[in-house]
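To start, the structure itself, in structure tokens.
Numbering (the numbering used here), first residue to last: 228 to 711.
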């Protein structure tokens, strides 16, 4: 009779006691556990920097991790095998709705850093980069915070604002907020969301935040696909304990940061993080090349019958489209300091790792906010230079074709702007395209040259549909936050 594996916790794993909490994290998902938690554990002083991590919409991840004392296994999945590492840097895991705990940790003088992986849409910013004050969730948080009923705040900026107000009231001093989401100028986005909300709630609080909170911008990178039951069984077999919450990731990781840390930070540089004065070019390299290719494959690849990144890259048509997009992006990035040819080659190697099942359906979520940063800037730059911008336009066209197909099949559109997208899709075709592009960028939708090149690229996907040689939508799985 086989003896069941012991449940993973600090006792059964003979792990050290949890480090004192000095970092608060919002967005307890797989990417956070493969990235910021990994860098903290590998920092030379990481044993002094425990993380209190809070979930987003659901408590499930916190419940599972709390039962394991915050421990989990990181599976680095290379082309030739897996490496297993016991992760100990998360000291506490909490439901994001536990605002009593959140305020306690944010207000503690020992807490120096708040990191965020809340997804692009959770900042609740409009196309102009300002807070969407007409968003019902934002309006609800403003009303709750104004009346002192902050325990019912539901947005991530609203919850963090509750914590920052508690820190001000406690006199705990300055703190850094570090955005780790796939947004251009993500530190600025975090500032716009939090300070914008504070102005609507309490102008005096917004002044305190402006004077005492630094907003750090980052470029983050590590592909982290959804964990399956197979990984849970693999950890049990290889590590000898029962772990309900392992995380799978590629061996590659990257973290570039720009901004101040007034209360200190871990020595992340000793773990490979890079600190720079100006991060914009690094952000654009990653958003336009890695994330742009991901979005192009997410829509065009599924339209051509593929389910994963590796499958789409193996398709010569998709591969040619990626190369054209990358050529356009490279023309609009600095020649010095970014080593783009080597970066492109590394991306091809990473994408082709078939052992990382990075599902296109997962990447396709929330396209309206993603393409605003991944396709629109390249297309604008190419048109301004007198070039066609066909590669970037194709990404937008593939998104439109994907939405049309989803609507025709009755498939749910997983996007924060789903209501607006459905409204646009119900319009006559000539108005529909302009309305969809307008959700990405109103100025682009009014640009005749841009609309013409998008419409021209759209014909490629119409031909694919009419040919009917491949299924229009591959079956994929929607899953946890990742670096897609």
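For each residue, glycine too, the CB sits at the ideal point set by N, CA and C.
Item	Value
Unbroken beta strand (DSSP E) run spanning residue 312, endpoints	308-314
Contact check, residue 340 vs residue 405, beta carbons under 8 Å	yes
Unbroken beta strand (DSSP E) run spanning residue 379, endpoints	Counting along the chain, residue 379 falls outside any beta strand (DSSP E), and DSSP gives it neither H nor E.
DSSP state of residue 482 mapped onto helix, strand, coil	strand
Neighbour-count burial assignment, residue 554, 16 or more Cβ in a 10 Å radius	exposed
Any 3 or more C-beta pairs closer than 8 Å across the stretch 382-401 and the stretch 433-447	yes
According to DSSP, residues forming a beta bridge with residue 406	343
Residue of 560, 621 and 507 minimising C-alpha distance to residue 545	621
Complete beta strand (DSSP E) runs within the stretch 389-470 (minimum length 3 residues, chain order)	402-406 and 440-448
Integer Cβ distance of residue 517 from residue 448, believed to fall under 8 Å	6 Å
C-beta atoms of residue 302 and residue 311 nearer than 8 Å	yes
Span separating the alpha-carbon of residue 612 from that of residue 510	21 Å
N-terminal and C-terminal residue of the alpha helix (DSSP H) that residue 320 is part of	Per DSSP, residue 320 belongs to no alpha helix (DSSP H); it is in the beta strand (DSSP E), 317-321.
Residue 246 - containing beta strand (DSSP E), residue span	Where residue 246 is concerned, there is no enclosing beta strand (DSSP E), given that its DSSP letter is neither H nor E.
8 Å Cβ cutoff met for residue 407 and residue 529	no
Beta-carbon gap between residue 615 and residue 680 smaller than 8 Å	yes
Spatial neighbours of residue 560 in its chain, beta-carbon cut-off 8 Å, leaving aside the 5 residues before and after	508, 511, 512, 515 and 567
Bridge-paired residues (DSSP) for residue 498	DSSP, once it has assigned bridges, lists no residue as partnering residue 498.
Residue 465 at chain C interface by Cβ criterion, 8 Å	Of the chains in the structure shown, none is chain C; there is only one protein chain.
Nearest candidate by alpha-carbon position, reference residue 619, set 638, 590, 527 and 643	527
Residues that DSSP places opposite residue 305 in a beta bridge	308
Per-residue burial, residue 506 [other beta carbons within 10 Å of its own, 16 or more giving buried]	buried
Segment contact flag, the stretch 267-274 with the stretch 291-298, C-beta cutoff 8 Å, min 3 pairs	no
C-alpha gap between residue 231 and residue 420, whole angstroms	48 Å
Terminal residues of the alpha helix (DSSP H) in which residue 522 lies	519-523
C-alpha gap between residue 707 and residue 354, whole angstroms	With a pLDDT of 33 at residue 707, under the threshold of 50, the predicted position of this residue should be treated as unreliable, though the coordinate-derived value follows. Approximately 25 Å between the Cα atoms of the pair.
Simplified DSSP assignment, three categories, for residue 474	strand
Which of helix, strand or coil DSSP assigns to residue 703	Any reading at residue 703 must be qualified, since the residue scores a pLDDT of 35, below 50, and its modelled position is unreliable; no value is offered.
Distance CB(residue 413)-CB(residue 477) smaller than 8 Å	no
Host alpha helix (DSSP H) of residue 605 (start-end)	603-611
The stretch 583-593 contacting the stretch 632-645, beta-carbon criterion three pairs below 8 Å	yes
Exposure label - residue 470; buried when at least 16 CB within 10 Å	buried
Alpha-carbon spacing of residue 684 relative to residue 374, whole angstroms	51 Å
Inter-stretch contact (C-beta, 8 Å, three-pair minimum) for the stretch 249-267 and the stretch 342-354	yes
Distance, residue 548 Cα to residue 573 Cα	17 Å
Rounded straight-line distance, which links the Cα of residue 551 to that of residue 241	52 Å
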